[in-house]
Every structure is written in structure tokens, then in C-alpha cells.
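Read top to bottom, the protein sequences are chains A and B. One point on numbering: in UniProt numbering, the residue at position 6 of the first sequence is 6, and numbering is uninterrupted. One point on numbering: in UniProt numbering, the residue at position 27 of the second sequence is 27, and numbering is uninterrupted.
2 protein chains.
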Amino acid sequence: MLARAAWSRIAEPADRAAGALLRTVGPVDALGWLQSAGTGDDAVRHAVSRLCEVIGVDDRTTVRRLAAAVARWAPRVATTDPARDLDNLARLGGRLVVPEDDEWPTGLLDLGDEGPACLWVRGTGRVDETLRRTVSVVGARASTDYGDRVAGELSVGLVAAGCTTVSGGAYGIDAVVHRSTLAVDGTTVAFLAGGPDRLYPAGNADLLRGVLDGAGLVLSELPPGSVPSRVRFLRRNRLIAASGRSTVVVEAAWRSGSLVTARLAAGIGRPVGAVPGPVTAAGSAGCHRLLREGVAVCVTDVDEVLELSGAAGEGLDGIAATGALRDDADTRETDGLDAPGKAAYDALPLRRPVPVDALVRSSGLAPHELMAALGVLEVRGLAVRSTGGWSRAASTGWS
Amino acid sequence: MLARAAWSRIAEPADRAAGALLRTVGPVDALGWLQSAGTGDDAVRHAVSRLCEVIGVDDRTTVRRLAAAVARWAPRVATTDPARDLDNLARLGGRLVVPEDDEWPTGLLDLGDEGPACLWVRGTGRVDETLRRTVSVVGARASTDYGDRVAGELSVGLVAAGCTTVSGGAYGIDAVVHRSTLAVDGTTVAFLAGGPDRLYPAGNADLLRGVLDGAGLVLSELPPGSVPSRVRFLRRNRLIAASGRSTVVVEAAWRSGSLVTARLAAGIGRPVGAVPGPVTAAGSAGCHRLLREGVAVCVTDVDEVLELSGAAGEGLDGIAATGALRDDADTRETDGLDAPGKAAYDALPLRRPVPVDALVRSSGLAPHELMAALGVLEVRGLAVRSTGGWSRAASTGWS
Chain A
1 MLARAAWSRI
11 AEPADRAAGA
21 LLRTVGPVDA
31 LGWLQSAGTG
41 DDAVRHAVSR
51 LCEVIGVDDR
61 TTVRRLAAAV
71 ARWAPRVATT
81 DPARDLDNLA
91 RLGGRLVVPE
101 DDEWPTGLLD
111 LGDEGPACLW
121 VRGTGRVDET
131 LRRTVSVVGA
141 RASTDYGDRV
151 AGELSVGLVA
161 AGCTTVSGGA
171 YGIDAVVHRS
181 TLAVDGTTVA
191 FLAGGPDRLY
201 PAGNADLLRG
211 VLDGAGLVLS
221 ELPPGSVPSR
231 VRFLRRNRLI
241 AASGRSTVVV
251 EAAWRSGSLV
261 TARLAAGIGR
271 PVGAVPGPVT
281 AAGSAGCHRL
291 LREGVAVCVT
301 DVDEVLELSG
311 AAGEGLDGIA
321 ATGALRDDAD
331 TRETDGLDAP
341 GKAAYDALPL
351 RRPVPVDALV
361 RSSGLAPHEL
371 MAALGVLEVR
381 GLAVRSTGGW
391 SRAASTGWS
Chain B
1 MLARAAWSRI
11 AEPADRAAGA
21 LLRTVGPVDA
31 LGWLQSAGTG
41 DDAVRHAVSR
51 LCEVIGVDDR
61 TTVRRLAAAV
71 ARWAPRVATT
81 DPARDLDNLA
91 RLGGRLVVPE
101 DDEWPTGLLD
111 LGDEGPACLW
121 VRGTGRVDET
131 LRRTVSVVGA
141 RASTDYGDRV
151 AGELSVGLVA
161 AGCTTVSGGA
171 YGIDAVVHRS
181 TLAVDGTTVA
191 FLAGGPDRLY
201 PAGNADLLRG
211 VLDGAGLVLS
221 ELPPGSVPSR
231 VRFLRRNRLI
241 AASGRSTVVV
251 EAAWRSGSLV
261 TARLAAGIGR
271 PVGAVPGPVT
281 AAGSAGCHRL
291 LREGVAVCVT
301 DVDEVLELSG
311 AAGEGLDGIA
321 ATGALRDDAD
331 TRETDGLDAP
341 GKAAYDALPL
351 RRPVPVDALV
361 RSSGLAPHEL
371 MAALGVLEVR
381 GLAVRSTGGW
391 SRAASTGWS
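Here it is in C-alpha cells:
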């Protein structure tokens, strides 16, 4: 645990070399080896050779990559103090969760060697349970009223369906997701791009404290004191992408970190939804881009988001659509009629009845087809027979 | 020509049996056979047997379908007078075009046996030339300001790209397409669901006359005097779908005739675009449905419509995107930097310079990587070296 805590400070997020090393020799031996590797070029080359011998690798690419990685890692080894980091977080009520723990969320395993070394956790819930049924909802910091409204409605609907919402704690859509979830007593999780002690951005610190009060979690793969940077924001997005059964982008500019999240989610096989908006709104251009590129499916309400989530490999067990299917809710009088029935209904005048032979000509149906169709329409209350012939039933209108 | 004119009155649009019969024995012989078939069950059965013998078909399904078709067609034979129909249209300056003519538009051939028997044409241009480079744009009759605006902009852009617009002459989006095309002296074509003499709906009669004045065409597969019906509206849509290199739906309710057009277009291999809109607007629900079902691609401007049209089998020769690619128009200072370059740039402070060893730790880069990256940043004017170390160049901001 201490070794993983150290690695989370030594290697930047998504460092594949670190991931592979930890997977191959384990975090403790990897750390011990790094500490003994020295800093001079010769010392590092020797240490890498020694390691490659132990793990049975001798291809030159791996050797070169490991040497380059040691050069990245070495400057941080001396100043790394995981025990102090753990103490600092413990004072804030936090703790460390590592992949070896039972409560490690399985979704993050899909990141492979780019997965986090550990999670610095604030909040009381078990991480795996909190993240069991989740949908990640992300979007623009510079959101519009439209985006805020849609993000809010989706979040409320997801809570009603028993889901945890996941987002990035940023201004705009992220904040609406966390806030709306809390407003209906739902559980929400924020992944930070900096250390878990830094409730960033400062303007959302109260909101993020509210997430913790609401049985939610604030998570980071970086140790306390770590500063968020653009690269860290972008890499943090993979944790959001991997934690959700699906990821939904509500609003995003043509270039937006949310598109990164969407692509990362699609890259590890998670369904991605994008909420469309006016083509005249720059804030929806990124969503439309995802739709055009085939990265995302168009989603317009929470039922479609749940359907999307259910399409994931495992499915969202227990999650069902909350609303009526619109096809059922929006029916026409002529639904269920066969083609002759519809043609006959079309041919019927609204008011003054017409004789059958005129209907035969106007409908293009054979006489026996027309008679059969009129019979069906009469039974269904759509056609009326009178002395002058046939007409539509009074209550039906031309739609 | 007279025989095809007669068939356009005898058989309803998209009557597959009529299409197959005309293809197999030709319109003249088909009409002669139908006129001699008689009306009693026995007479019809005998006539069908005789025909099947001639065309070398003896499967029972075909026999049954032909007999059913004769029952549909026979009531109209006596009242059909194609010469009178041609005269009536000629008085309006119109004429008949048949598949045997050079100017028959090739797109309609893709409808196979559901293709029209002929086209009743008003307007002076050749049909094939007018329809050579076309995009069909359709949408809701009950359009919104948003839809009208988008339809107008698309139409104007299509004219600028040298395209003819095709639509259905209806209120709402259709009318905006025709009107906007005419406003910039473009060519537009309206397919009517009734006879070509009926400029339907009446409120658009002036607009449709404007289409004719503007070197456009008003086309129908139905002879003069024919009444539009819902079935005819729906079947008319296949002519719009087949005439465009692509079909774009601008606004459409969850259930809308425009969705029929879109599905028909997709069914014959035409690319379909749907313009997204707010998910809170019922008028965009049909477009979103097409996107969700994979029938349509998301299109947000005329360049994307042209790209869609170019994706068709033949391509829109000579049609090119009119605007700059947005990726070029919206660039960032850090574009083109490699990963170490971006990490170094991220680590640079905005104001007070910091020494290299601090940057090594904060960037997570190896010292030699950092120095190389700083060199690149300095050359690109993004980083400044001073006595205290390195910082970002003054003019660059945090984006």
C-alpha cells in the first residue's frame, strides 16, 4: 500500500511503463528496484539490464523505454514520502484504496497498464459499491441554460433509476450533475485532477464537500498536494470514462476535454451518448462531432441513457427505463390498419358520404378489398355507413 | 407515352404489380391486355392465365397477385382518358416525360418496380439536367424559427455549391427550402402528391409558381386533377428521396412524413442527414430518432451536407465544401507539440520563473526530455528563459 502510494507520486497518471512494471514485479519490488537504480546514465543502464534479466525480457525497445522511464521517475524518488501523504489524507478523513483491495472498482481494470496505481479516497462509502451502477455525465464548463437543464434532468432521472452519477467536479455541466444528484438525495462521485485535499476549482469546494456529506466520494489517483495541470485533467478523464457503465456528454465545444472522455470511454468499449443541441450553438458542436464520428449515440432523455447503459457488456442489472415508450404514448387512429385499411380511410370524405364505386376509384383498391377495409374501419369506429354511402366517423380528424 | 399516361391514372403510386407488368410486357401491351381482361372473376382469371403463359411465369403467387391487381385497376380503366390529361397539362405549359426519354432522371431508376410510370412535368428545364446535382431537403410543416433558419441557410449554401434543391412544396421546412433557393436565384424542384395542375397546398400556390418562374420544376407522377391523399403524400416521398444525391431532414416530429422520406432514401442507398436540435423541442425528436436508429448522419452545416452527398456512390462531381475546415480555424498554441512538449508547457508557470529541477519534478519528465521540450517551446515562442529559470511567454494564456 505504501509502495503504491509512492508510485502515485513518482509516475504521472497513465504512465504505461510504470503500469507494466507494477504488474510485472509488483509495486514493492518495483519501488525497491527504482530506489537502488541510481541516477547516472551508467547506473540506470545497469539497473535496467538487471531488471530485464529478472523478468526475462531482452528486447531493445523495452530496455530503452525502461531507461527513459527511470529518467522520468528518478527525480521524484528522493522527495516522495507516502507515509506523510497517507497521514495528510487521514487527517481529512480519507484513505487509500489499492487494486489488491476487495473494494477496488472493477471498471478501472479495463484501463490495463494505464490504470491508476491507487485511489486516494475521500468519503465513507465502499468504492466498488458506490460505483456499481454508474453513469458518467460530463460536459462543458461554459455550459448554457439549455445544457444545465438537460444535465439536471438526466441526473435526477438517473437517481430515480438507482444510478450513481460520476463527473469531474468542474464548473458548468459537471457541477450541475453533482448538484442535481444531491438535490434528490442521490449519490454522486467526483474524480479530481489534482490531489484529493484540493477541492478544485475553489468555487466548487462547497459543492464537493456536499458530495462527501451526501454519501458520495471524491477520488483522485494523485496524492495530497498534487497540482492539477492540463495533462492531468485529460488523463483524469479516463477514470471517469472507465467508472461509468456509459458516458454521456451533455454539452461540449468543438474542442473540449469532454470529447477526450468520450473517446476514452469508447476506446475501452463503454457506450457513449451525446446530447444534441441547436446547430447554431457552439456549445453543442462537440456533441454533434461525436455523433458524426460515430463515437457517440444520440441520447435525448434518461430512458435513452439507461438503454445505452444496458447495452454495455454486463448490462445495468436492475436498471429499467422509467418512462413509457413514446411509441405507445403517441398513437394514431389508423395505427394497426393494413395497407388497404389505410388507403380506404384516406379515401373516405370527412363529411358528405360517397358511394362505394367512387371510393373504389379514389382509393385504388379492388371492390372486394375496399369492402373488407370499410368493414374493419366500421368496426373500429373510423367509418360510418349512411344512405349516401360512406364517410369518416365524426370524431376522427385528418392528422 | 399515352399508355404510360394512362397507367399513371390506373395504378396508384408505387404499385409493384403495375411496375413489374410494365417492365415485362411494356406499357402499351400491358394496357391493351388490361382493357381486354374484362371484369368478371372468370374473365380476369382467364386473362391472367393467358398473360402468365406469354411471359413464361407459372407460380401461383404471381397469378394471385396479378388477379388482385386487375381487380384494383379495372374500375379505373373505363374513365381513363390520357389524351385529355395531356391536353389539360399542355394548356398549363406542362408535358409528360417517360422513362424511355433521354431526359428521364436516372435517380428514379433506383426505385425499380416502385418507380413512377411517368412524370407530369411543369417547368422549362430538362428534368435530367435540373436534377443532376441535387440535395433533397425536407422537414416539418409545423417548423420552428430554428428549423426555418437552418433550412434557409442550408438551401443558400447548396445553391452556392451549385446544387438544385428538391422538396415537397409543403408548408414549413419545404416552403423555406423553395423560397430560400429562389431568393438567391437558385433552382429548386417540388414533387407534388396530387396532380401537377393542383399547386397544393393553396397557400403555397404563389411560391410554386415562383419555382416555375425560377427555372425550376414542379413534378408529379399523377395526372392532372388527381387529389393528394395521405398515402399519396407518403409515396410521393420516395420520388424526393430518389431524386436527391442525399436527403436532409431539418426538423421532424417523432412521427413525421419526413422520416418516411429519410428511410426510403436510406433504403435505396442514398445518404441521409438529420439536423439535430434541442432535445427539449418536439420538432427535433424525429431527427434525433433518425440519428439513434442509424438511418441518418448528424449534419450541422452545408459543408457537412455536401460531404454527405459526396459520400454517395457517384459523388457530387464538382461540388466542394465551401467553408474552411473548422479544425484549421480553431487552433491552439500547443497544437503540434508532442507529449513531452505539452507536459513541459503545462508545468511552466505563467509569471514567476522556476528553475529546471523544479520543472523536472512538476512535469514528470526526465531532465533531458524537459530540456529538449523547453528548447522547442522557446523556438515556438511559448517559453521564456530568464535568470530565475523558465516561464511561459507573456502573450500566451491558459486556455
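Cβ coordinates follow ideal geometry from the N, Cα and C atoms, glycine included. Every value quoted in this text rests on a predicted model; they were computed, and no experiment measured them.
The bridge partners DSSP lists for residue 104 of chain B come to none. Taking the C-beta atoms as reference points, residue 272 of chain A is found no nearer than 8 Å to residue 259 of chain A. At the C-beta level, residue 77 of chain A and residue 34 of chain A come within 8 Å of one another. Listed along chain B are 343 and 364, each with a C-beta nearer than 8 Å to that of residue 12 of chain A. Distance between residue 157 of chain B and residue 129 of chain A, taken at the CA atoms: about 53 Å.
Against residue 171 of chain A, chain B offers no close residue; the least beta-carbon distance is about 14 Å (beta-carbon pairs closer than 8 Å). The alpha-carbon separation between residue 224 of chain B and residue 237 of chain B amounts to approximately 19 Å. Beta-bridge analysis with DSSP links residue 52 of chain A to no other residue. At least one C-beta of chain A is nearer than 8 Å to the C-beta of residue 346 of chain B. The residues 113, in chain order, have a CB closer than 6 Å to that of residue 20 of chain B in the same chain once the five nearest residues on each side in sequence are set aside. Straight across, the Cα-Cα distance linking residue 55 of chain B with residue 25 of chain B is about 8 Å. Listed in chain order, the positions of the region 258 to 284 of chain B with a beta carbon within less than 8 Å of a beta carbon of chain A are 275, 276, 277, 278, 279, 280 and 284. Per DSSP, the unbroken alpha helix (DSSP H) holding residue 309 of chain B starts and ends at 302 to 310. Cβ neighbours of residue 256 of chain B within its own chain (closer than 7 Å, five residues either side excluded): 140 and 286.
Looking at the backbone, the Cα of residue 88 of chain A and that of residue 206 of chain A are separated by about 20 Å. The Cβ neighbour count for residue 178 of chain A, taken over all protein chains shown within 10 Å, is at least 16; the residue is labelled buried. Per DSSP, reduced to three states, the secondary structure at residue 275 of chain A is coil, with no helix or strand assignment. In summary, the residues of the region 52 to 74 of chain B whose CB is separated from some CB of chain A by less than 7 Å are 68, 71 and 72, in the order they occur in the chain. Interface with chain A (8 Å Cβ-Cβ cutoff): residue 144 of chain B is excluded. The beta-bridge partner set that DSSP reports for residue 232 of chain B is empty.
Within the DSSP bridge table, the entry for residue 96 of chain B names B:120 as partners. Taking C-beta separations shorter than 6 Å and ignoring five residues to either side along the sequence, the partners of residue 193 of chain A in its chain run 228, 232, 233 and 236, following chain order. Between residue 135 of chain B and chain A, the shortest Cβ-Cβ separation is not below 8 Å. Less than 8 Å separates the beta-carbon of residue 122 of chain B from that of residue 212 of chain B. The CB of residue 46 of chain B never comes closer than 7 Å to any CB in chain A; the least such distance is about 17 Å. Using beta-carbon distances, residue 138 of chain A does not count as an interface residue toward chain B, since no partner is under 8 Å. Against chain B, the beta carbon of residue 219 of chain A has no neighbour under 8 Å; the closest one sits roughly 20 Å away.
For residue 376 of chain B, the uninterrupted alpha helix (DSSP H) segment begins and ends at 367 to 379. Among the CB atoms of chain A, one or more fall inside 8 Å of the CB of residue 368 of chain B.
Here residue 364 of chain A is buried. Its C-beta has 16 or more other C-beta atoms within 10 Å. With respect to residue 390 of chain A, residue 353 of chain A sits close: the two C-beta atoms are nearer than 8 Å. Residue environment analysis places residue 16 of chain B among the exposed positions, since fewer than 16 neighbouring C-beta atoms fall within 10 angstroms of its C-beta. Linking residue 70 of chain A to residue 174 of chain A through their CA atoms gives a straight-line distance of about 36 Å. For residue 220 of chain B, the beta-bridge partners assigned by DSSP are B:120. Put simply, the CB of residue 288 of chain B is near chain A, with a gap under 8 Å to one of its CB atoms. Contact annotation: residue 243 of chain A and residue 166 of chain A have beta-carbon atoms nearer than 8 Å.
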